[in-house]
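Take a look at the structure set out below.
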C-alpha cells in the first residue's frame, strides 16, 4: 500500500476522516497533486451500488478514488492508456446512468504526465520519475473485495436504497467518455 | 532537414506537426485583435507563467494593438518540495496589479488547477479585472471549473505537444511548429 498513516498527517488538503491507503503509486501521485494545489480532497469516501440481486444484496459497486468537495466532483484514477480504459469507462457510464446528479471524471496517467511536462522538478528528472511511477510496473491492485467493498459508506442507486448525499444536480461531464 | 526531422532521426519522440507555425501565427493575430478590442484604452497587464507560455506571450504581445505591460511569474516545480508543500510563486510579479486589468497568458489549460491557483492569487491583489487567454485548451479535462478563460487559441485533442515554447525537460521548446509527442516513446526518451 502507498500512503501510510504517518504520511496522511502531512497531507495538508486531505479532509477525509479515514486515513487513505492508496492502491498504487498513481493514486498517491494524484493525492500529492491535489495537495500541491491546495485542493481539498477525500479518499474513497463513498461507494455506489451498481447492481443488486433479486434479494436486494449488492452484487456490483463502484468506489471512485477521490472526492473533491469544493468541486463536488468524484475522481477515478487510471494508469491505463486511454485506449484501454473501456471497462472502467463502462462502469462510469453505469454510475452516471444510475446517479445522474453525481459528477465523476477519470484522471488519466496523461494528466499526470502533463504536470511533469509543465513543471519538471529542479535538480532532478521528475518527469522521468513520474513516468516510471506511472509506468507498466504497477504495484498489484487491491482485490476486488477491497476495491468494491460494501461498507457503511455504500450508496445505492436512486429508488433502490438511499440516494447519494451531498450532490447537486448540475449535470455530468459528457466529454469524459469520448 | 528540419529541426523536427533531425530530432526524429536522433530518436526523439517528436511526431507530426499538429499546428504549423503559419496556423498559429494567424490565430495569435486574431487573439491579439480580440484582446485589443476588449481592452482598448485600458492598458492591460499580460502575465505569463514561465516558461512554456513565453513564445506565445511574445507573439501575442506584438499582435496586441493597444498599449500594455508584460510580466512573468514562475511557479515552484511540482514535486520539488517535500510532501505537504504546496504550489507557490518562485518569481512574483514585478508590476503591482491593484486596479489593473490582468490577462493571464497560458500555453495550455486542461485540469485548470494551475490557472485556478494563479487566478486566486492575483484576485487577492484587487485587480480591476482578471481574465485568461490560452493558446491550447482541453476543456473536457477540467477538474476545476472556475477558471477565467475568455479567449482560446485552439481546442486540442488529448495529446502531449512540443514546440512553440512547449517542451519536456527543457527539450524541444524551440521547434517553431507545434508537434505531437509520441507518448509511447517518452519513458525511453526521458531516461536518456
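Chains as they are written, first to last, in the working numbering: chain C, -2 to 175; chain W, 28 to 219.
A virtual CB, placed ideally from N, CA and C, is assigned to each residue, including glycine.
Can you tell me whether residue i is buried or exposed, with buried defined as 16 or more other CB within 10 angstroms of its CB?
i, result
"residue 153 of chain W", "exposed"
"residue 182 of chain W", "exposed"
"residue 124 of chain W", "buried"
"residue 131 of chain W", "buried"
"residue 29 of chain W", "exposed"
"residue 74 of chain C", "buried"
"residue 155 of chain W", "exposed"
"residue 60 of chain C", "buried"
"residue 102 of chain C", "buried"
"residue 108 of chain C", "buried"
"residue 14 of chain C", "exposed"
"residue 117 of chain W", "exposed"
"residue 69 of chain W", "exposed"
"residue 43 of chain W", "exposed"
"residue 126 of chain W", "exposed"
"residue 26 of chain C", "buried"
"residue 10 of chain C", "buried"
"residue 164 of chain W", "buried"
"residue 184 of chain W", "exposed"
"residue 86 of chain W", "buried"
Tell me, please, whether the CB atom of residue i is closer than 8 Å to any CB atom in chain C?
i, result
"residue 172 of chain W", "yes"
"residue 113 of chain W", "yes"
"residue 152 of chain W", "no"
"residue 168 of chain W", "yes"
"residue 31 of chain W", "no"
Any beta carbon of chain W sitting closer than 8 Å to that of residue i?
i, result
"residue 34 of chain C", "yes"
"residue 62 of chain C", "no"
"residue 108 of chain C", "yes"
"residue 18 of chain C", "no"
"residue 43 of chain C", "no"
"residue 9 of chain C", "yes"
Any idea which residues DSSP pairs residue i with across the strands?
i, result
"residue 101 of chain W", "W:118"
"residue 102 of chain C", "C:72"
"residue 39 of chain C", "C:64"
"residue 59 of chain C", "C:45"
"residue 92 of chain W", "Note: residue 92 of chain W sits in no beta bridge, so no partner."
"residue 76 of chain W", "W:100"
"residue 182 of chain W", "W:164"
"residue 41 of chain W", "W:208"
"residue 198 of chain W", "W:195"
"residue 142 of chain W", "Paired residues: none, contrary to the question."
"residue 156 of chain W", "W:128"
"residue 176 of chain W", "W:159"
"residue 188 of chain W", "W:207"
"residue 11 of chain C", "C:38"
"residue 151 of chain W", "Paired residues: none, contrary to the question."
"residue 46 of chain W", "W:205"
"residue 17 of chain W", "The structure shown does not extend to residue 17 of chain W, since chain W is modelled only from 28 through 219, so no value can be given for it."
Would residue i count as contacting chain B if we go by Cβ distances under 8 Å?
i, result
"residue 134 of chain W", "Included in the structure are the protein chains C and W, with no chain B among them."
Proximal residues, the segment 71 to 104 of chain C versus chain W, C-beta separation under 8 Å: The segment 71 to 104 of chain C vs chain W, Cβ under 8 Å: 72, 79, 102, 104.
Please identify, using Cβ separations under 7 Å, the residues of the segment 185 to 200 of chain W that lie next to chain C, in order along the chain. So the close ones are 185, 187, 195, 196.
Do the segment 35 to 45 of chain C and the segment 61 to 71 of chain C make contact, defined as three or more Cβ pairs closer than 8 Å? The answer is yes - the segment 61 to 71 of chain C touches the segment 35 to 45 of chain C, with three or more Cβ pairs under 8 Å.
Should the segment 60 to 77 of chain W be regarded as contacting the segment 34 to 51 of chain W, the criterion being three or more beta carbon pairs within less than 8 Å? Judged by Cβ distances under 8 Å, the segment 60 to 77 of chain W makes no contact with the segment 34 to 51 of chain W, as fewer than three pairs qualify.
Taking one C-beta from the segment 89 to 98 of chain C and one from the segment 177 to 195 of chain W each time, how about it: are there three or more such pairs within less than 8 Å? The segment 89 to 98 of chain C vs the segment 177 to 195 of chain W: no contact.
Does the pairing of the segment 198 to 214 of chain W with the segment 85 to 92 of chain W give three or more beta-carbon distances under 8 Å? The answer is no - the segment 85 to 92 of chain W does not touch the segment 198 to 214 of chain W, with fewer than three Cβ pairs under 8 Å.
Would you call the segment 164 to 174 of chain W in contact with the segment 65 to 76 of chain W, where contact means no fewer than 3 C-beta pairs closer than 8 Å? Contact fails: fewer than three Cβ-Cβ distances are below 8 Å.
Could you tell me whether the segment 45 to 57 of chain C touches the segment 131 to 145 of chain W, using the rule of 3 or more Cβ pairs below 8 Å? No, the segment 45 to 57 of chain C is not in contact with the segment 131 to 145 of chain W.
Pull out every residue of the segment 127 to 153 of chain W whose Cβ sits closer than 7 Å to any Cβ of chain C, in chain order. Result list: 137, 138, 140, 144.
Using 8 Å as the threshold, is the segment 195 to 209 of chain W in touch with the segment 40 to 54 of chain W, meaning 3 or more CB pairs across them? Yes, the segment 195 to 209 of chain W is in contact with the segment 40 to 54 of chain W.
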